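Input: a single structure, listed below in structure tokens.
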Amino acid sequence: MSTHKATADRPQLTVVPPGGGGRRRASAARPGKGFALHGRFRHVYISPAVLFVAVLLYLPFLWTAYLSFTSYDGLASPEFTGLDNYRRLLEDDALVTSIRNTLLWVAGTVVLPVGLGLLVAVLSYDLRRGAWFRLPFLLPYAMSGAGLGVIWGFILQPDGMANQVLTLFGMPGGDTAFLQDGPRNTVAMIVVWTWQQLGVNMLLFVVGLQSIPKGPIEAARIDGASGWAMFRHVIWPLMRPITTVVFGLALVAGLKNFDIVWVMTQGGPGRSSETLAVTMYRDVFVANEYGYGSAVAVLLTTVTGLASYVYLRRQASREEMPR
1 MSTHKATADR PQLTVVPPGG GGRRRASAAR PGKGFALHGR FRHVYISPAV LFVAVLLYLP
61 FLWTAYLSFT SYDGLASPEF TGLDNYRRLL EDDALVTSIR NTLLWVAGTV VLPVGLGLLV
121 AVLSYDLRRG AWFRLPFLLP YAMSGAGLGV IWGFILQPDG MANQVLTLFG MPGGDTAFLQ
181 DGPRNTVAMI VVWTWQQLGV NMLLFVVGLQ SIPKGPIEAA RIDGASGWAM FRHVIWPLMR
241 PITTVVFGLA LVAGLKNFDI VWVMTQGGPG RSSETLAVTM YRDVFVANEY GYGSAVAVLL
301 TTVTGLASYV YLRRQASREE MPR
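For the sequence shown, the UniProt record's numbering begins at 1 and goes up steadily by one.
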């Protein structure tokens, strides 16, 4: 048996002894074969998850889309009416109010809970015992939206605690109709939503701050950066991944908000505080107009999907821009 010396341009030769060892070494010499089974059956592995998503998400949406082209009261068979429900959408004044309120919710939930959450996270990050300072902001998130709506509904009534406190201290606004006039009622509910959501946004931003490498911050401090300059040019760009997540969640939450509005005002008075989600619920489950309510649901889903797609594409394009 001869031995060959391995060099840089000649691979080492291995003599395989006779017997079973040759078969084992021959199979080991072809690493791609070990992955053939996984590649061949990969669709079988993911099919339960795909089936689960299809049954719980895609099939209901397709059924809703079909109902949007019908006249259906939930009892008789759906009667196909074409685009009648969508033409009705264009002529519905209540839908215009719902769209306006939904846009207010989107603007409010993106600016107030996210902005204030970021502010509290940054101001408390370097504080001694900062976790205790953040705790009161996080506790309201433990409440459900329905429970929050009941409590604040009593507080903001014309004879509720808010007006009574203002009157007691002789402050102006003791007779303010917080929930009786639009769009003031929508603004009041956005403030309530901010009170609940500020804590979780603050927590996400704290996680983002903790994930920032220390090197760039120390280098910026050596260069003399501090305060607003440090935040704007160093900390904020490094927090872009978590900021994308927080803003995306706030955007979707503002578009589909339902529980607080329904519990506090039920979209009233006079449908002045309805959002698209409340309009959909009222038309389907209160008025039993499943066809028209399904058209509103399709509109809401389309708007939410497009807004999320545009936002994520814009964030992705920013990540790809040369710096």
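Glycine residues also receive a C-beta, built at the ideal position from the N, C-alpha and C atoms.
Just so you know, these numbers come straight off a predicted model, no measurement behind them.
Shown here, Glu289 sits in coil according to DSSP, grouped into three states, outside any helix or strand.
Assigned with DSSP and collapsed to three states, Glu79 falls in strand.
When the beta-carbon positions are compared, Thr279 and Val296 come within less than 7 Å of each other. Between the alpha carbons of Leu59 and Asp84 lies a gap of roughly 23 Å.
Sequence-distant partners of Gly82 (beyond 5 residues in either direction) whose C-beta falls short of 7 Å from its own C-beta, in its chain, are Phe69. As computed with DSSP, Ser47 is found in no beta bridge at all.
Straight through space, the alpha carbons of Phe178 and Arg282 are spaced by roughly 23 Å. Using a C-beta cut-off of 8 Å, the segment 191-209 makes contact with the segment 106-124, since at least three inter-stretch Cβ pairs fall below that distance. Within 10 angstroms of the beta-carbon of Met171 lie fewer than 16 other beta-carbons, which makes it exposed.
By the neighbour-count definition (other C-beta atoms within 10 Å, threshold 16), Ala316 is an exposed residue.
Between Ile217 and Val234 the beta-carbon gap is near 6 Å, inside 8 Å, which marks them as a contact. With fewer than 16 other CB atoms across the displayed protein chains lying within 10 angstroms of its CB, Thr302 is exposed. For Tyr281, the enclosing alpha helix (DSSP H) has its first and last residue at Leu276 to Tyr281. Looking at the DSSP output, Ser71 shares a beta bridge with Glu79. An exposed status is given to Gly224, since fewer than 16 other beta-carbon atoms sit within 10 Å of its beta-carbon. Cβ-Cβ distances below 6 Å link Arg184 to nothing in the same chain once the five nearest sequence neighbours on each side are left out. Its chain contains Ser124 as the residues whose beta carbon lies nearer than 8 Å to that of Gly130, once the 5 sequence neighbours on both sides are disregarded; these appear in chain order. Contact between the segment 245-257 and the segment 100-110 is present: three or more C-beta pairs spanning the two stretches fall below 8 Å.
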